[in-house]
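Accompanying notes for the structure given below.
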Amino acid sequence: MKTLKTFWITIAAILVLTACLPTADVPVNTEYVLTTDMRGGEFVFVGVNGDINGVVNPSLRAEPGERITVVLVNSGWGKHDIVFPDLNVRSDRIEKQGETTSVTFTVPAKDASLEYYDSNHKRLGMRGVLLVGNVQADPEYASVSSPSTGAVVEYTLESDLADGKMVFVGKGGEIDGQVNPDLKAGIGDAVKIHLTSGEGAMHNFYLDEFDVKSEDVMGSDSVTVEFVAGKEGTFDYYCGVPGHLQAGMVGKFIVGSGASNAQSSGENLASPVQPIAPVSAGPADVNAVDIVRDPSEVPAPVGNRAPEKVIIELETVELVGNLADGTTFKYWTFNGKVPGPFLRVRVGDTVEVHLKNLPDSMMAHSVDFHAVTGPGGGAVATQTMPGGETMFTFKAINPGVFVYHCATPMVAHHIANGMYGLILVEPEGGLPPVDREFYVMQGELYTAQPFGTEGALTDDVDKLLNENPEYFIFNGASMGLTSEEHLLRANVGETVRIYFGVGGPNFTSSFHVIGEIFDRVYDQASITSNPLTDVQTTLVPPGGATMVEFKLDVPGRYILVDHALSRMERGLAGFLMVEGDEDPAIFDGEITPGSGH
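With the first letter of the sequence shown counted as 1, position 240 gets the number 362 in the working numbering; the numbers rise by one all the way through.
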């Protein structure tokens with residue numbers, strides 16, 4: 123919007139121009155200039171020139187048969203026009219600050235009282251009267267001669283992270299340093315809110331009751347919104363970027379006493395019981411990439427070596443990936459795949475972690491290693507803004523298979539969008555050798571569109587809070603481990619080991635391989651405990667892991683599932699293809715199609 127200074131320069135120019143308006147066949151004897159404003163919570167006309175200067179909804183006067191011109195200037199509060207219905211006179215509509223419109227007409231040749239109003243805002247108080255001759259004004263149209271006492275109230279907010287939450291922080295004045303400060307205004311005050319992104323991530327400022335929705339701001343940019351506090355009450359302001367309100371970016375805007383019979387709609391913004399309106403999918407992104415982490419991407423065993431320094435480099439990458447055939451989704455990832463890379467160290471190693479957040483990211487990101495002994499699992503040292511890089515070191519004290527994940531608020535939102543992985547800390551001397559190792563992680567996706575919708579899907583934070591996923595996934599995609607490119611492959615006679623974890627963020631897995639029995643299960647990924655033996659199905663909680671081993675005796679296709687089998691109908695399955703010679707002594711039967719296996 124233009125500044126008030128620019129606006130009043132425009133008004134001054136209009137006053138000069140109206141003095142030089144061209145004449146028609148009947149001379150224009152009188153010119154009135156009006157502008158638009160908000161006073162006392164209502165839209166009004168305000169006189170600008172002559173006797174009506176500063177008068178709210180002024181009574182205009184003319185002699186019978188006189189020709190007059192009325193100029194209307196938009197002060198910036200909405201879309202306006204001016205209508206004289208008795209004369210069938212209507213101006214053009216003006217939408218922007220400083221934009222003008224005018225009407226020129228001849229009044230009746232007799233005494234009359236003629237109403238004028240704004241066609242959109244008449245009921246909100248934007249109405250007055252044109253008095254012709256000796257007619258007196260009706261009390262209903264009494265002009266207000268005193269100017270508004272409404273002040274200009276201005277606040278500056280900056281986004282930040284505090285106490286594990288995303289927040290607004292006040293800058294300057296009485297709110298300086300306050301987290302999600304109360305912003306106050308009088309009824310009718312003109313309000314300006316300035317927002318900057320203090321940590322570089324994407325944010326905005328929403329205030330629903332006043333129809334305020336700022337543009338997004340990120341990096342070093344800032345944005346300003348201006349509006350009139352036209353009604354009394356206490357209302358929620360918040361960041362409208364999905365997940366940010368739930369992560370803590372919400373405060374109070376208090377007008378007048380703050381009391382109102384109307385409930386602020388913002389009070390229920392984070393409620394998990396709000397109805398979910400259907401959201402259409404846009405066209406699938408033709409540039410979407412394969413985000414499925416190949417299950418065979420497992421580094422070589424550490425083996426029997428001494429402790430050493432290990433450097434881990436992670437990049438947080440936001441990119442559009444293929445969720446299913448004809449369906450794409452905006453993932454947040456470590457190193458461009460889901461899950462993040464399988465990391466492998468040994469107990470006693472000193473691990474140096476470097477985290478880069480790509481410059482084109484919209485969000486801040488971090489990493490929390492469950493293998494770390496220290497605050498936040500490293501997340502407190504790796505809150506990394508777009509284009510930034512952080513680093514910390516830790517000593518691998520405990521052996522095991524551990525989850526790592528993003529821990530930037532709202533943590534569940536970052537995890538659900540793909541930011542999780544596994545790190546193996548081998549015990550001294552390493553693990554017993556096996557023929558093949560595989561890496562599989564289970565997660566959930568919460569999309570605004572129903573399961574099976576084609577096109578570009580979007581995430582839905584309400585469904586996330588309700589724990590109502592549309593998709594269950596292995597390694598990032600629907601049926602992601604059933605394709606020729608990404609299924610698990612092994613041979614008869616080999617022993618396989620699967621490192622299995624649950625990113626979640628919400629659902630426990632009942633991990634099972636149809637047609638196989640786990641010879642050894644390292645429950646809860648405790649690889650220094652004696653394993654369970656001869657196990658059919660093992661429970662793995664969100665943020666947990668396991669390690670299972672079994673020998674392959676018979677060729678065929680074996681299906682990896684969560685034995686909460688309804689989830690298979692929502693995309694959760696993987697194939698282990700085993701090749702080799704048959705062994706009728708172990709299994710003998712004709713394979714029939716359509717068996718579900």
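Glycine included, C-beta positions come from ideal geometry on N, C-alpha and C.
Worksheet item: Does the Cβ of G678 lie closer than 7 angstroms to at least one heavy atom of the ligand GTP?
Response: With respect to the ligand GTP, the structure shown offers nothing to examine, as it has no ligands at all.
Discussion item. Tell me the rounded alpha-carbon separation between I398 and V254.
Written reply: Because the pLDDT at I398 is just 41, under 50, the model does not fix this residue reliably, and the value given afterwards should be weighed accordingly. Cα to Cα, I398 sits roughly 56 angstroms from V254.
Worksheet entry | Secondary structure of A686, DSSP reduced to three states | coil
Item to complete: Look at the alpha carbon of E550 and the alpha carbon of R468, and state the distance between them as a whole number of angstroms.
Response: 7 angstroms
Item to complete: Kindly indicate which three-state DSSP category H243 falls into: helix, strand or coil?
Response: coil
Item to complete: Confirm, please, whether the CB-CB distance from G696 to V525 is below 8 angstroms.
Response: no
Item to complete: Could you name the residues that DSSP lists as bridge partners for K201?
Response: Bridge partners of K201: none, in fact.
Worksheet item: Near P521, which residues of its chain fall below 7 angstroms by C-beta distance, leaving aside the five closest residues on each side in sequence?
Response: V469, V547, E548, P549, I649 and T650
Worksheet entry | Spatially closest choice to V411 from P180, V211 and G602, by CA coordinates | G602
Item to complete: Determine the DSSP secondary structure at E731, reduced to helix, strand or coil.
Response: The question about residue 731 has no answer here: the residues shown for the chain are numbered 123 through 719.
Discussion item. Beta-carbon within less than 7 angstroms of A686's beta-carbon, same chain only, minus the 5 sequence neighbours each way: which residues are those?
Written reply: S632
Worksheet item: Using DSSP with H/G/I as helix, E/B as strand and the rest coil, what is H492?
Response: coil
Worksheet entry | Inter-residue Cα distance where the pair is T512 and Q658 | 43 angstroms
Item to complete: Please list, in chain order, all residues of the same chain as M699 whose beta carbon is under 6 angstroms from its beta carbon, the five residues on each side excluded.
Response: L609, R611 and R679
Worksheet item: At which residues does the beta strand (DSSP E) containing L283 begin and terminate?
Response: V274 to A284
Worksheet item: Does the region 302 to 314 come close enough to the region 368 to 378 that 3 or more CB-CB pairs lie under 8 angstroms?
Response: yes
Discussion item. Looking at the strands, I want to know which residues DSSP matches up with L156.
Written reply: G169 and L194
Worksheet item: Which of the three DSSP states, helix, strand or coil, is assigned to K353?
Response: coil
Fill in: Same chain, Cβ closer than 8 angstroms to E712, five either side skipped, listed in chain order
none
Worksheet item: Name the DSSP bridge partner or partners of M105?
Response: Limits of the chain in this structure are 123 at one end and 719 at the other, which puts residue 105 out of reach.
Worksheet item: Between the region 272 to 283 and the region 314 to 330, do three or more beta carbon pairs fall short of 8 angstroms?
Response: yes
Worksheet item: So V618 and V676 are in contact, right, with Cβ under 8 angstroms, and what is the actual spacing, rounded?
Response: Not confirmed; about 14 angstroms, so no contact.
Discussion item. Could you compute how far the alpha carbon of G626 sits from the alpha carbon of H536?
Written reply: 11 angstroms
Item to complete: Pick out whichever of R689, F709, Y239 and G295 has its Cα sitting closest to the Cα of N210.
Response: Y239
Worksheet item: Which residues mark the beginning and the end of the alpha helix (DSSP H) in which V583 is found?
Response: V583 to L587
Item to complete: Go to G608, then tell me how far its beta strand (DSSP E) extends in each direction, as first and last residue.
Response: Note that residue 608 is His in the sequence shown here, rather than Gly. H608 -> no beta strand (DSSP E), and no H or E assigned at all.
Worksheet item: If N196 sits next to I216, beta carbons under 8 angstroms apart, how far is it from one beta carbon to the other, in whole angstroms?
Response: 4 angstroms
Worksheet entry | Segment contact, 8 angstroms Cβ cut-off, at least three pairs: the region 499 to 511 with the region 441 to 458 | no
Worksheet item: If you drop the 5 nearest sequence neighbours on each side, which residues of the same chain put their C-beta closer than 7 angstroms to that of K306?
Response: I376
Item to complete: Using alpha carbons as the reference points, say which of K673, V339, G286 and A231 lies closest to D490.
Response: G286
Worksheet item: In terms of alpha-carbon separation, which member of N479, G200, E419 and V251 lies closest to T504?
Response: N479
Worksheet item: Closest to F464 by CA distance: which of F672, D447, H476 and R415 is it?
Response: R415
Item to complete: Taking V523 and Y621 to be in contact with their CB atoms under 8 angstroms, please state how far apart those CB atoms are, rounded to whole angstroms.
Response: 6 angstroms
Discussion item. Going by the DSSP bridge assignment, what does V720 pair with across the sheet?
Written reply: Here the chain covers residues 123 to 719 and nothing more, so residue 720 does not appear.
Discussion item. Report the start-end ranges of each beta strand (DSSP E) in the region 538 to 601 that is 3 residues or longer and not cut off at the edges.
Written reply: 542 to 548, 558 to 567, 577 to 579 and 593 to 596
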